Amino acid sequence: MIKYDRFELPNGLRVLVHEDASTPMVVVNVLYDVGARDEDPKKTGFAHLFEHLMFGGSINIEDFETPLQLAGGENNAYTTNDFTNYYIQLPAENIETAFWLESDRMLSLAFDEKSLEVQRKVVMEEFKEHYINKPYGDVWFKLRELAYKAHPYRWMTIGSELSHIENARLTDVKDFFFKYYRPANAILVVAGKVTAAQVRALAEKWFGDIPAGEKYQRHLPAEPKQHEARKLTVKAQVPLDALYKCYPMAARTEQGYYVADLLTEVLGGGGSSRLHQRLIKEKKLFSQIECYHTGSNDPGLVVIEGKLIRGVSMEAADQAVEEELTKIKNEQITEKELEKVKNKTESAIVFEDMSVMNRANSLAIYELLGDVNMMNTELERYRAVTAEEMLETSRRLFDPLNSNTLYYYSEK
560 MIKYDRFELP
570 NGLRVLVHED
580 ASTPMVVVNV
590 LYDVGARDED
600 PKKTGFAHLF
610 EHLMFGGSIN
620 IEDFETPLQL
630 AGGENNAYTT
640 NDFTNYYIQL
650 PAENIETAFW
660 LESDRMLSLA
670 FDEKSLEVQR
680 KVVMEEFKEH
690 YINKPYGDVW
700 FKLRELAYKA
710 HPYRWMTIGS
720 ELSHIENARL
730 TDVKDFFFKY
740 YRPANAILVV
750 AGKVTAAQVR
760 ALAEKWFGDI
770 PAGEKYQRHL
780 PAEPKQHEAR
790 KLTVKAQVPL
800 DALYKCYPMA
810 ARTEQGYYVA
820 DLLTEVLGGG
830 GSSRLHQRLI
840 KEKKLFSQIE
850 CYHTGSNDPG
860 LVVIEGKLIR
870 GVSMEAADQA
880 VEEELTKIKN
890 EQITEKELEK
900 VKNKTESAIV
910 FEDMSVMNRA
920 NSLAIYELLG
930 DVNMMNTELE
940 RYRAVTAEEM
950 LETSRRLFDP
960 LNSNTLYYYS
970 EK
């Protein structure tokens, strides 16, 4: 059980404290309830751009890194389609440095053309390096556009087009900041060698007088149920042919999410999984194959992806995958196999929670999902999944009319 205290400041900032006296360190984690799904379809990539801009100097602090390094701290951030997360880890005696830094950049960034131009170039280079010039770099652009027709998950966090970041103006950036990066839209988690009373005093001192802003109300278009098999064929300068198959699945807080998570473990969770055993070891059709899911807050995707052995036809590889899916749809999983993947999932969750940084991150995400105590009840939901549920969900999930298939051919 992960213990925590929770309170809210008058400006709407939600604060969670997890005390752990066994470490000399403290983690200060600030999560903003804005991700790529909240962007204007004509101005994508802004949430990710802000991940970079937030380190470029705030209204009263020109240099973010130097004071943090002098305090013995380190920091980083990441953006998803659902949220943006910033975190600092430093010695507990220097905790106030983190509060000073994070509160000032929540108050306001130091908006100027120079900072925007510097970070714009960084993001544009990242776009080119990882998504244009890298083999298979455009796969997820194509898969998302294939699987999503209405929901803004149809573009990636980097953005749908390079031109959207290239053409970002300072007024666009300011508007985005003051709409989303407000106390009413943020969650502060402090974990480590602290007390709840200490954090309350620091939160009130450093964050209490920041204007609340308007609480962002999310009204995103729902993705309609898929009723047809979708296919796309691509040729590119890549080393090997690759097969990708995506299937819309349940949202993060729905029971179907936990069932789908366990199904991906059965099919693709490591060397003992069904796809690995049958299609790599026995049939020797793939050099690598995996099954996973996107884990998104709104309905996400179960994904099967594999690189083919040279000389194997795409149709034969696809047919072999379909045969494995047919088995899992027609034959109930054994209690032994189900128990195995439950145990593996439980071990992964427990191992992840050993780190105070991961605990801080998880508390912020569960608070965002609407029930921070989910952190302590998730395992029960996995344990409650039955073999009958696995069979029923696999039939619905892996229905051919729920499939999105990409044949990615090598031109070499």
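At position 184 of the sequence shown (counting the first as 1) the number is 743 in our numbering, and the numbers step up by one without a gap.
We put the beta carbon where it would ideally sit given N, CA and C, even for glycine.
A quick note: this is a predicted structure, and the numbers were derived from the prediction, not measured.
C-beta contact flag for residue i and residue j at 8 Å
i: residue 873; j: residue 800; result: yes
i: residue 583; j: residue 651; result: yes
i: residue 702; j: residue 808; result: no
i: residue 941; j: residue 934; result: no
i: residue 545; j: residue 665; result: Nothing can be reported for residue 545: it is not among the residues displayed for the chain, which extend from 560 to 971.
i: residue 708; j: residue 782; result: yes
i: residue 862; j: residue 805; result: yes
i: residue 611; j: residue 595; result: no
i: residue 739; j: residue 944; result: no
i: residue 802; j: residue 865; result: yes
i: residue 779; j: residue 710; result: yes
i: residue 706; j: residue 960; result: no
i: residue 927; j: residue 642; result: yes
i: residue 712; j: residue 640; result: yes
i: residue 867; j: residue 844; result: yes
i: residue 970; j: residue 819; result: no
i: residue 848; j: residue 838; result: yes
i: residue 753; j: residue 585; result: yes
i: residue 851; j: residue 815; result: no
i: residue 968; j: residue 681; result: no
According to DSSP, residues forming a beta bridge with residue i
i: residue 626; result: According to DSSP, residue 626 bridges with nothing at all.
i: residue 789; result: 963
i: residue 804; result: 863 and 964
i: residue 564; result: 576
i: residue 855; result: Answer by DSSP bridge pairing: none, since residue 855 is not bridged.
i: residue 969; result: 795
i: residue 617; result: 668
Continuous beta strand (DSSP E) stretch holding residue i: start and end
i: residue 846; result: 845 to 852
i: residue 644; result: 643 to 650
i: residue 584; result: 584 to 591
i: residue 745; result: 745 to 751
Sequence-distant residues of the same chain with beta carbon closer than 6 Å to residue i, five excluded per side
i: residue 790; result: 964
i: residue 772; result: 741 and 743
i: residue 749; result: 576, 587 and 758
i: residue 715; result: 699
i: residue 875; result: none
i: residue 923; result: 588, 590, 746 and 748
i: residue 638; result: 606, 607, 610 and 716
i: residue 919; result: 586, 588, 748 and 750
Boundaries (first-last residue) of the alpha helix (DSSP H) holding residue i
i: residue 816; result: 814 to 827
i: residue 697; result: Premise fails: residue 697 is in no alpha helix (DSSP H) and is neither H nor E.
i: residue 638; result: Here residue 638 belongs to no alpha helix (DSSP H); instead the beta strand (DSSP E) covers 633 to 638.
i: residue 680; result: 672 to 686
i: residue 880; result: 873 to 889
i: residue 797; result: Unbroken run through residue 797: none, as it is neither H nor E.
i: residue 892; result: Run containing residue 892: none; DSSP gives neither H nor E here.
i: residue 612; result: 605 to 612
i: residue 723; result: 721 to 725
i: residue 662; result: 654 to 666
i: residue 939; result: 933 to 942
Beta-carbon proximity list for residue i, same chain, < 8 Å, skipping 5 on both sides
i: residue 653; result: 630, 631 and 632
i: residue 888; result: 950, 953, 954 and 957
Residues near residue i by beta carbon distance below 7 Å, same chain, minus five either side
i: residue 896; result: 825
CB contact below 8 Å: residue i versus chain B
i: residue 662; result: Of the chains in the structure shown, none is chain B; there is only one protein chain.
(message) Between the segment 614 to 625 and the segment 830 to 843, can you find at least three pairs of beta-carbon atoms closer than 8 Å?
(response) no
(request) Count the CB pairs spanning the segment 759 to 777 and the segment 670 to 685 that are closer than 8 Å, and state whether there are at least three. (result) no
(message) Pairs of beta-carbons, one from the segment 717 to 734 and one from the segment 589 to 604, closer than 8 Å: are there three or more?
(response) yes
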